[in-house]
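Asks: Before anything else, here's the structure in question.
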Amino acid sequence: MTTADQFNVHYLKKHYAKRQVLDEVTFSLQAGQTHLLSGDNGAGKTTLLRILAGLEKPDSIQIDLGMGPLNWRHVKKPLQQHALYLHQHPYMFDGTVSYNLGYAIGVKLTKQERQRQIDKALEWADLKQLSQAPAKSLSGGEKQRVSLARAWLKRPSILLLDEPTSNLDQESRHRTLSLLEAFKSDGTAMLLASHDPMHFPSLIDQHLRLDQGKLIRIDDQNPIEFDQTHPNFRSTA
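Each residue of the sequence shown is one higher than the last, beginning at 94 in the working numbering.
Spelled out as C-alpha cells, the structure:
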C-alpha cells in the first residue's frame with residue numbers, strides 16, 4: 094500500500110440485522126487527493142471509514158493495494174498498518190500533550206530520538222506552548238490538533254476522518270484545515286466524512302455521497318476513475 098498511487102475498493106457490503114448499510118460500494122482513493130463523504134445520519138459513513146481502517150469486518154469486500162484484488166482476510170492487517178481512522182471526538186490519554194504524542198512513536202527508538210520526534214510534532218501542529226498541559230483539559234480544537242499530530246507521527250498512507258471540524262469555532266476550524274492541507278501536500282490520501290461540505294472548499298477533490306447504501310458522485314472536479322458499468326455506481330451528472 095505504501096507504494097501504490099491508487100487504492101481501489103470493490104463490492105463492499107455491510108448490513109446490520111435486516112438493514113443493508115453499504116450495498117456493493119466501489120470507489121477509488123488516490124495519493125495526495127481528498128474525498129469528501131457526505132450522507133444523512135445513519136447512512137453508513139462511519140461504518141465505511143472503520144472498515145477501511147481494518148477496525149470493522151464487512152460482509153464482503155475486495156481491495157486492490159497495487160498488488161491485485163485482495164479479500165478481507167488478506168487485507169485487514171495491511172489496512173491497520175497503513176490506514177488511520179480519526180474519531181469525531183479525539184481520545185486523550187491521561188497525562189500531558191507530549192505524553193499523548195509519545196503513544197504514536199515506536200518503542201524501539203531511544204529516549205532522545207523519541208523526544209526529537211515529539212518536538213517535531215509539537216512544532217508541526219503549533220502545540221509547543223501546550224506541551225506540558227494536561228491533554229484532557231484542552232479545548233475541542235486543541236484536542237483535534239493533538240490527534241492530527243499523532244497521525245502525522247504515524248505517517249499513514251490513508252487518513253480517514255470522521256467530522257474533523259464538527260463543533261469547532263472558526264479559528265480552530267482554520268487551524269485544522271491547515272493541518273489537513275499539510276497531509277495532502279505530503280501525498281496522503283484522505284477520505285473525510287462531514288455533514289457540511291462548505292467547510293472544505295479548497296481541500297476537496299471529489300465529493301461522494303452515501304444514499305441508501307449506494308455511492309453517488311456529486312461532481313466531476315478532478316474526477317476519480319470509477320467503474321461506471323458496475324451496478325452500484327450512479328452519477329448525478
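We treat Cβ as the ideally placed atom computed from N, Cα and C, and that holds for glycine.
Quick check on DSSP: helix, strand or coil for residue 205?
Replies: In the sequence shown, the residue the question calls residue 205 occupies position 112. In this structure, residue 205 counts as helix in the three-state DSSP scheme.
Asks: Using the beta-carbon count (16 or more within 10 Å), is residue 242 buried or exposed?
Replies: Taking the first residue of the sequence shown as position 1, residue 242 is located at position 149. The residue is buried, with at least 16 neighbouring Cβ atoms inside 10 Å.
Asks: Would you mind sorting residue 134 into buried or exposed? The rule is 16 or more other CB atoms within 10 Å of its CB.
Replies: Within the sequence shown, numbered from 1, the residue matching residue 134 stands at position 41. It is exposed - the Cβ of residue 134 has fewer than 16 other Cβ atoms within 10 Å.
Asks: Tell me which residue opens and which closes the beta strand (DSSP E) that residue 120 is part of.
Replies: Here residue 120 is taken as the residue at index 27 of the sequence shown, counted from 1. First-last of the beta strand (DSSP E) with residue 120: 112 to 123.
Asks: What residues in its chain sit with their C-beta under 6 Å from that of residue 314, if we drop five residues either side in the sequence?
Replies: Looking up residue 314 in the sequence shown gives position 221. The predicted position of residue 314 is uncertain, since its pLDDT is 40 and thus under 50; a value taken from the coordinates is nonetheless stated next. Cβ neighbours of residue 314 beyond the five flanking positions: none.
Asks: Could you spell out where the beta strand (DSSP E) holding residue 156 opens and where it closes?
Replies: Position 63 of the sequence shown, counted from the first residue, corresponds to residue 156. First-last of the beta strand (DSSP E) with residue 156: 153 to 157.
Asks: Where do the N-terminal and C-terminal ends of the alpha helix (DSSP H) with residue 143 fall, by residue?
Replies: As a working mapping, residue 143 is identified with position 50 in the sequence shown. Segment 138 to 145, the alpha helix (DSSP H) holding residue 143.
Asks: Helix or strand or just coil, what does DSSP make of residue 223?
Replies: Translated into positions along the sequence shown, residue 223 becomes position 130. Residue 223: helix per DSSP, three-state reduction.
Asks: Indicate whether residue 355 and residue 256 have their beta-carbon atoms separated by less than 8 Å.
Replies: This structure leaves residue 355 out entirely; the chain is present only between 94 and 330.
Asks: Using C-beta distances below 6 Å, list every residue in its chain close to residue 102, excluding the 5 sequence neighbours before and after it, in chain order.
Replies: Residue numbering aside, residue 102 sits at position 9 when the sequence shown is read from its first letter. Excluding residues within five positions, the ones whose Cβ falls inside 6 Å are 120 and 156.
Asks: Mind checking who residue 275 pairs with in its DSSP beta bridge?
Replies: Locating residue 275 in the sequence shown gives position 182, where the first residue counts as 1. Note: residue 275 sits in no beta bridge, so no partner.
Asks: Just how far apart, CA to CA, sit residue 226 and residue 190?
Replies: For the purposes of this step, residue 226 is identified with residue 133 of the sequence shown, where counting begins at 1. For the purposes of this step, residue 190 is identified with residue 97 of the sequence shown, where counting begins at 1. C-alpha separation (whole angstroms): 6 Å.
Asks: Would you call the CB atoms of residue 233 and residue 253 closer than 8 Å?
Replies: Counting from 1 along the sequence shown, the entry for residue 233 is found at position 140. Counting from 1 along the sequence shown, the entry for residue 253 is found at position 160. Contact flag unset, no.
Asks: Going by C-alpha to C-alpha distance, which of 193, 149 and 179 sits closest to residue 269?
Replies: Within the sequence shown, numbered from 1, the residue matching residue 269 stands at position 176. Looking at the Cα atoms, 179 is the closest of the given residues.
Asks: Can you name the residues that DSSP bridges to residue 283?
Replies: By 1-based counting over the sequence shown, the position of residue 283 is 190. Beta-bridge pairing links residue 283 to 127 and 252.
Asks: Distance, Cα to Cα, residue 274 vs residue 188?
Replies: Stepping through the sequence shown from its first residue, residue 274 is reached at position 181. Stepping through the sequence shown from its first residue, residue 188 is reached at position 95. Cα to Cα, the separation comes out at about 28 Å.
Asks: Expressed to the nearest angstrom, what Euclidean distance is found between the alpha-carbon atoms of residue 223 and residue 192?
Replies: Taking the sequence shown and counting its residues from 1, one reaches residue 223 at position 130. Taking the sequence shown and counting its residues from 1, one reaches residue 192 at position 99. Each residue's Cα considered, the two are about 11 Å apart.
Asks: Quick check on the burial criterion: 16 or more other C-beta atoms within 10 angstroms. Buried or exposed for residue 138?
Replies: Within the sequence shown, numbered from 1, the residue matching residue 138 stands at position 45. Buried.
Asks: Checking 8 Å against the spacing of the C-beta atoms, do residue 201 and residue 151 come in under that value?
Replies: Within the sequence shown, residue 201 is the residue found at index 108, counting from 1. Within the sequence shown, residue 151 is the residue found at index 58, counting from 1. Not closer than 8 Å, so no.
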